[in-house]
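Under the numbering used here, the first residue of the sequence shown carries the number 4, and numbering increases by one thereafter.
The beta carbon of each residue, even a glycine, is placed where N, CA and C say it ideally should be.
Note that this is a predicted model, so its numbers are computed, not measured.
Take a look at the structure set out below.
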Amino acid sequence: MGLLDAILGRSKPVRPDLDQLFAVPSAALTLQAGAGFTPTGLGSVCFAGVEGGGFARIQEDVRELLDADRGGVPVEFSRDSYGYTWLLARHPPEDTAGLVNDLHAVNTLLQDGGFGPQLLCSLIGFRDAEGRSLALVYLYKRGTFYPFAPVQGGAEKRDSQLELQARAVLGDDLRVEKDLARWFPVWGAPGL
């Protein structure tokens with residue numbers, strides 16, 4: 004960062020730290036004890052779609068790696084209304100560590116394949132006894148997490164109070180994004 008950047012108030016971008024994902028299994032225990040949310044066994048990675056043979060090969064490598072790793076349970080690729088590609092991985096709800104390993108592997112393959120700038124986020128789904136959904140969203144470019152809690156019923160409304168409660172519960176377990184304006188909604192995200 005140069006002098007001009009400092010004068011103009013520009014900050015150096017945070018370098019992605021994929022190893023932050025490995026804190027999720029411990030945070031899941033804290034979330035269960037502190038707020039009653041248990042893992043669903045669903046997680047996903049979102050990235051901007053790229054055309055071309057190199058990206059198609061990476062997608063196929065991801066599919067082969069995860070399908071073989073999970074005994075033939077296929078991963079699912081989908082595209083949302085904004086044109087982003089989502090990969091959905093499934094594990095038994097009690098295997099949060101395995102799910103995180105899969106999400107980390109996908110992120111790493113994309114990053115090592117030169118597609119790091121296309122990575123947007125990863126999320127891990129949770130649910131409570133009342134059926135409320137909560138996701139821990141990892142922002143790849145920020146190296147931070149935030150909770151996202153859509154209100155039940157299909158309307159695009161979020162439960163801000165629950166998100167703030169989850170932030171308070173998880174503050175010691177995860178690097179939580181401080182800028183609430185970066186807590187983007189991920190409506191209809193696979194794994195939520």
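Identity of the residue in the options nearest residue i by Cα
i	options	result
Asp182	Ala132, Leu112, Trp190, Pro150	Pro150
Val189	Cys49, Glu63, Val179, Glu180	Cys49
Pro96	Gly174, Pro28, Trp186, Glu180	Pro28
Ser47	Ala108, Ala92, His107, Ala59	Ala92
Gln114	Ala100, Gly101, Lys144	Lys144
Gly37	Leu69, Thr43, Arg170	Arg170
Burial state of residue i, where buried means 16 or more other Cβ atoms lie within 10 Å
i	result
Gly134	exposed
Tyr85	exposed
Phe129	buried
Ala184	exposed
Gln121	buried
Ala31	buried
Asp176	buried
Gln155	exposed
Asp105	buried
Cys191	One point to set straight first is that residue 191 is Gly, not Cys, in the sequence displayed. Gly191 comes out exposed.
Rounded C-alpha distance that separates residue i from residue j
i	j	result
Val172	Phe40	11 Å
Leu6	Ala132	Reliability of the predicted coordinates at Leu6 is poor, the pLDDT of 48 falling under 50, and no value is obtained from them.
Arg161	Leu167	11 Å
Glu67	Arg178	31 Å
Asp83	Gly174	31 Å
Asp63	Leu90	This sequence places Glu at residue 63; Asp is not what is there. Glu63 and Leu90: Cα-Cα distance of roughly 12 Å.
Ala158	Phe187	16 Å
8 Å contact criterion, which residue i and residue j should meet: CB distance rounded
i	j	result
Leu112	Cys124	Going by Cβ atoms, the distance from Leu112 to Cys124 rounds to 16 Å, so no, they are not a contact pair.
Leu21	Asn110	5 Å
Phe25	Val103	6 Å
Gly146	Gln23	6 Å
Ala51	Tyr87	6 Å
Decide yes or no for the touch test of the stretch 125-139 against the stretch 151-164: beta carbon pairs closer than 8 Å, at least 3 of them.
With a cut-off of 8 Å, the stretch 151-164 and the stretch 125-139 count as touching, because enough Cβ pairs lie within range.
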